[in-house]
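Protein chains: 6
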Amino acid sequence: MRADGRNAGDLRPVTITRNFNRYAEGSVLVEFGHTKVICTASVEESVPPFLRGKGTGWVTAEYSMLPRATHTRSPRESSKGKVGGRTHEIQRLIGRSLRSVINMTLLGERTVHLDCDVIQADGGTRTASITGAYVALADALQGLQERKVIASSPIKEAVAAVSVGIINGVPLLDLDYSEDSNAEVDMNFVMTSSGRFVEVQGTAENEPFTIEEMDRMRDHAIAGIKRLFEIQKTALTK
Amino acid sequence: MRADGRNAGDLRPVTITRNFNRYAEGSVLVEFGHTKVICTASVEESVPPFLRGKGTGWVTAEYSMLPRATHTRSPRESSKGKVGGRTHEIQRLIGRSLRSVINMTLLGERTVHLDCDVIQADGGTRTASITGAYVALADALQGLQERKVIASSPIKEAVAAVSVGIINGVPLLDLDYSEDSNAEVDMNFVMTSSGRFVEVQGTAENEPFTIEEMDRMRDHAIAGIKRLFEIQKTALTK
Amino acid sequence: MRADGRNAGDLRPVTITRNFNRYAEGSVLVEFGHTKVICTASVEESVPPFLRGKGTGWVTAEYSMLPRATHTRSPRESSKGKVGGRTHEIQRLIGRSLRSVINMTLLGERTVHLDCDVIQADGGTRTASITGAYVALADALQGLQERKVIASSPIKEAVAAVSVGIINGVPLLDLDYSEDSNAEVDMNFVMTSSGRFVEVQGTAENEPFTIEEMDRMRDHAIAGIKRLFEIQKTALTK
Amino acid sequence: MRADGRNAGDLRPVTITRNFNRYAEGSVLVEFGHTKVICTASVEESVPPFLRGKGTGWVTAEYSMLPRATHTRSPRESSKGKVGGRTHEIQRLIGRSLRSVINMTLLGERTVHLDCDVIQADGGTRTASITGAYVALADALQGLQERKVIASSPIKEAVAAVSVGIINGVPLLDLDYSEDSNAEVDMNFVMTSSGRFVEVQGTAENEPFTIEEMDRMRDHAIAGIKRLFEIQKTALTK
Amino acid sequence: MRADGRNAGDLRPVTITRNFNRYAEGSVLVEFGHTKVICTASVEESVPPFLRGKGTGWVTAEYSMLPRATHTRSPRESSKGKVGGRTHEIQRLIGRSLRSVINMTLLGERTVHLDCDVIQADGGTRTASITGAYVALADALQGLQERKVIASSPIKEAVAAVSVGIINGVPLLDLDYSEDSNAEVDMNFVMTSSGRFVEVQGTAENEPFTIEEMDRMRDHAIAGIKRLFEIQKTALTK
Amino acid sequence: MRADGRNAGDLRPVTITRNFNRYAEGSVLVEFGHTKVICTASVEESVPPFLRGKGTGWVTAEYSMLPRATHTRSPRESSKGKVGGRTHEIQRLIGRSLRSVINMTLLGERTVHLDCDVIQADGGTRTASITGAYVALADALQGLQERKVIASSPIKEAVAAVSVGIINGVPLLDLDYSEDSNAEVDMNFVMTSSGRFVEVQGTAENEPFTIEEMDRMRDHAIAGIKRLFEIQKTALTK
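Chains as they are written, first to last, in the numbering used here: chain A, 1 to 238; chain B, 1001 to 1238; chain C, 2001 to 2238; chain D, 3001 to 3238; chain E, 4001 to 4238; chain F, 5001 to 5238.
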């Protein structure tokens, strides 16, 4: 039994609130327990230079935390004048994950910017961001279809993500901050609704992990992500 | 009659939601109509170098907008690697406004960081930030008193702010974005609960303004800020 | 009686020396007592991207202090790699002030850059900059007319600026550095020659100020700026 | 059969040349085929601020490519004034990988900086860097022991890394650049000599991958890394 | 005969105006023809980290041009966020030149900052800066002696600088901007009053230069710098 | 007799290894004793903005040191976010030196980027860079000719460089690091194969130097550079 009463294979309560922002083409507030992330999808009618004239689109992501999203205040990256390594790593992960389920030819020469801004951070901000950004992206693309900007949906399948960690030898799904701080291993899985992986990232914080441990974490992740797909689907049909 | 049905001297609906963030010593979500700002107050047990060893405290502010707070997406200042002139101007204004109502000796050698993050921008983000930051600051200082960190309240009086503009020759209180874009003059007033001013800033966007116009805007502002003091007080007694 | 022998409503000796620089289209050395600012106006035959193709011009300003303009040396902003908040605030103020008196359609698709470089700072550098920059701008535009680049003068009226502060309850015009350091309130007024305001900025350094104090400062400012218009006019007719 | 004649499970020719640099405490030139990386280990007698006074050490890594390490020249990150996202990601990976095999208490309050500079890049630069950096680190720590700076070796076990990708459905070990450009999936494995993982990172470039594909890539990687441990051991005993 | 009527071996009119700035410990306006540079010497009672506790002082220089010092306006380095290569090169040259004539032990643990700000540039800004900075430095050190901060003068001898170029095969002293733009070779000489060199820098703009040309330029420079020493001495005895 | 057994007028062993990099159009590893620099020449089919449409080419250089090229590790300039003054100075010197021997009209509208990356630094890195970059550039241009991209060779003559210093009054050729640290004077000479100079830079580290000393250093340099031309020629004919 975990500190918040969950079993090893339980997600935290997950909610996805659509249309959180009046202006963005797609927007959600996604909550994984106390972790809260605003995800907006902004459509721009142009593509980066390396894609111009090729007839295909682009999906890119930026990630940031408000200074007091965390237990103690962190300086803003804008004040420091540069984006840190962890932020770079996460926003590249979010972008790759979402691109994996989009048909760029059907999207056409336009860019969707996904902005994931963490307003409260209690662990799992990158997995919540991917899971929420998918819904914001789906809403934005649905809007393009309704306004006849694109003929058919560029979405190939859904994508969602979850973390799994090992504490005292036990694999636990969807770590919160206090669990994450004590985990021996931390793996993030990004999976599509056809049951295939787009990203798998495992890191030993102290002790390296065995093949058996990796497989047990993977089983937990698959079960958890399947529940996330249901939550996304429910949110999108409201 | 204005586009949203208000009279010239009406504020938009203003709400202040306290304890919006689990971790900050003080935090609110302040809304002026569709403008929404998260204000957090973070207490740090040290002061900037120029104040060390003087026994007095410091209050400082940072201001930022999420990229899609606005009608079209703006690039992040962290990605551009520098904080723009408008942001600098606003965060300096917020900091000065809040410092004016704090007794720095009673605060002692500690800093309160006020972070004002605009999650949706429909005009008046700087005045909403000041009005909301006061409540977050009051909560943080109340907490210090309750935990016996400080002996008595450093708050001398309340502070709030509002904008007034002139459109077609008529002074209007608390401009929203579409009004602000069409205003001939834009003034921001920051006033304390004793009816005195800490900041007055007026800018002619096209035509310069006369003394009479300035006085009429001032009258509107005084009436509007008095209502904001009531809203702050109500929020703080909940 | 003030430390330098002035009465409360006196300006410091103000001089405006035209053609201070061989190369600029307009240039002055403006002195408000010991405060000395070089203002140059440089004409560029293009406009910023947001104005291209609209047939209208632009006026923009930059402000800087030499490292030893002040009592103690300050690091250069170029060495620190970024422009500080105070500098941003001042150069935005100068730009807005000068744009308010220019007919951008008559200027045509060109930009005038006003560079205000403080070589000695004894208070009032921003008001001296605005007052001097107007003369440099007038000279540059006069040159464009003489060379038949523009058909008629884009200048609608003159603009000048002055500061007023309250020390020991007494409003004093045109504060020098030692007065400014002791002022309870500091207001800057930017006014046009038709007696209307383009910018009013008042800041309480310690104690907030009342309506009556604001009105008394305003009266002082109006009288002071009228004298500055005479000094500008005299300089321009030499 | 692959373009360079290798079978699916073959490494490229791997060589590790020790003492490549006269000054560094440890240094190697590591070559994975045409990929060449200089790895130096520099010992500094201090630790970062967050570790001071705790009696434990630190290992950190930086990674960079010479501008013409690649087929076409890339601008230097020093000229661009910031380190890109890919570089951040890789240097964080190298640092974590090496820290996982070091006993920081035995290292004591000192930092080892691992600099991995790619002088020629033909795919697999991050895995070559980890594999080579281990040898440079081992040399530096051996030196500390010989000079009696530390009492016993902080090395817990060896660490090495390799990439595996899937091309046309076939899992291939140790991709070169042209293979990497065509891979559907790319996984990097970092493993210790006890057969446990410290990092596993898999990315679908186009199509997501199945559990079965992941397992087949893992098998290839384990076999490949075992051969790398032999090459490291041989190099260290010369 | 040159465009401005000078003979090949003539300096432009050179003037050095002391006490140009009220606040700096030493300050001059130095003019080489139309080239005008403000040089200030600021004394700071500390040294850079690499010299702390060694009992010796430091002299360092910064160089900058106002944006409209030149025929066409150049962007400010503070706006660009970095100091350019040419600026770096020149300020390093000025610093080295002045340090060469100072006894750092007699200066004691303090730093003199020399700021050379070009307000009008017509060629020779670096040589004018060195020549003027020497006088500002001498004044600042004289002040330290008079206030008994240092016991004896740290100045070993005077230093001055001049440029020489070759145009149409003829070596010309002290090039102005239009000559400099047409010169085949440009050499800068920094010499002390004992007739020895501290810096010699020669650059072929198009055609390389021969030993004979180098020697003829050197002769011109020696004669020119000797006249500059007289001008410095006259300025310092006023 | 010097510490490494050389006579005053001896170069260190100099080797130039061509085709050091598989991808660059020209590349060498140049060694002056323990100083080792990788020089690559990269051809780009465009020119900087200020040359577009003029039909002439450009040659530019960048210089960098690996962090542990030196006795103690130096922070990377990419991590510091800016290129230092010394680096700027050296890369400008390399660029000017190489441009002096190239006919830009024969090169046509293309740029050659010379990257000089020091992998081990024992003094003389800038002179080794110039000497090696010439060979890399010659190889790249030879390639352009062979592929019929250009009709005839843009190379006017060869260029090479060497340092000379004075230690204990004796002029020594090609200083290594320990000699350079003790030198009273340090001069760098860049000379073409027709015996003419493109750059001469002399700096007194402590004591200024006389005309006689300058002439003796020049004689040493001329003899040394002549031997470097032979080494370049031999390398290019292999």
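Where is the CB? At the ideal position from N, CA and C, for every residue including glycine.
- Pairing S4129 (chain E) with E4199 (chain E) gives a Cβ-Cβ distance that is not under 8 Å.
- For E4044 (chain E), there is no enclosing alpha helix (DSSP H); the residue is found in the beta strand (DSSP E) stretching over 4035-4044.
- Our two residues, R4012 (chain E) and M4001 (chain E), have alpha carbons roughly 13 Å apart in a direct line.
- For D4176 (chain E), the closest Cβ of chain C is not nearer than 8 Å.
- When secondary structure is reduced to three states using DSSP, E4212 (chain E) falls in the helix class.
- Around the beta carbon of V149 (chain A), fewer than 16 other beta carbons lie within 10 angstroms, which makes this residue exposed.
- The beta carbon of S2074 (chain C) sits closer than 6 Å to those of P2067, all from its chain and outside the five residues before and after it, given in chain order.
- Interface annotation, T3131 (chain D): not in contact with chain A, CB-CB separation never under 8 Å.
- Flagged as an interface residue toward chain C: H4034 (chain E), by a C-beta distance shorter than 8 Å.
- Under the three-pair Cβ rule at 8 Å, the stretch 5151-5162 of chain F counts as touching the stretch 5221-5228 of chain F.
- Interface criterion met: the Cβ of K2082 (chain C) is under 8 Å from a Cβ in chain B.
- Close to chain F, meaning a Cβ-Cβ distance shorter than 8 Å, are the following residues of the stretch 3013-3041 of chain D: N3021, R3022, Y3023, A3024, S3027, H3034, I3038, T3040.
- Per the coordinates, the alpha-carbon of A3069 (chain D) lies some 5 Å from the alpha-carbon of A3121 (chain D).
- Counted as a single uninterrupted DSSP element, the beta strand (DSSP E) harbouring H2113 (chain C) occupies residues 2111-2120.
- Interface annotation, G2085 (chain C): in contact with chain B, CB-CB separation under 8 Å.
- Looking at the DSSP output, N2188 (chain C) bridges to C:S2163, C:Q2201.
- Assigned with DSSP and collapsed to three states, T4234 (chain E) falls in helix.
- At the C-beta level, I166 (chain A) and M217 (chain A) come within 8 Å of one another.
- Listed as beta-bridge partners of I222 (chain A) by DSSP are no residues whatsoever.
- Across the structure, R4022 (chain E) and I2016 (chain C) are spaced so that their CA atoms are roughly 19 Å apart.
- G3202 (chain D) belongs to the set of residues whose beta carbon lies under 8 Å from a beta carbon in chain A.
- Close partners of S2181 (chain C) in chain E (Cβ separation under 7 Å) are lacking, with about 15 Å as the shortest Cβ gap.
- In the structure shown, the three-state DSSP call for I3016 (chain D) is strand.
- In the three-state reduction of the DSSP assignment, E1062 (chain B) falls in the strand class, which pools E and B.
- With respect to the 8 Å criterion, V5112 (chain F) and V5059 (chain F) are classified as neighbours on the basis of their beta carbons.
- For K156 (chain A), the closest C-alpha among the options A:A138, A:L144, A:T56, A:D117 is that of A:A138.
- With fewer than three CB-CB distances shorter than 8 Å, the stretch 5041-5049 of chain F does not count as touching the stretch 5203-5223 of chain F.
- Distance check between Q201 (chain A) and each of A:I90, A:D117, A:E77, A:T234 places A:I90 closest, using alpha-carbon atoms only.
- With a 10 Å radius around the Cβ and a threshold of 16 neighbouring Cβ atoms, S5027 (chain F) comes out buried.
- The Cβ atoms of T2125 (chain C) and V2135 (chain C) do not sit closer than 8 Å to each other.
- Contact annotation for R1096 (chain B) against chain C: T2203 [CB-CB distance below 7 Å, chain order].
- Listed by position along chain E, the residues whose Cβ is nearer than 7 Å to that of F5209 (chain F) are R4196, F4197.
- Within the same chain, D2122, G2123 come within 6 Å of Y2177 (chain C) by CB-CB distance, once the 5 residues on both sides are set aside.
- In summary, no residue of the stretch 4147-4158 of chain E has a CB separated from any CB of chain F by less than 7 Å.
- Within chain C, the residues placing a beta-carbon under 7 Å from that of Q4120 (chain E) are N2021, R2022, ordered along the chain.
- Take the alpha-carbon of I5231 (chain F) and the one of Y5063 (chain F): they are about 22 Å apart.
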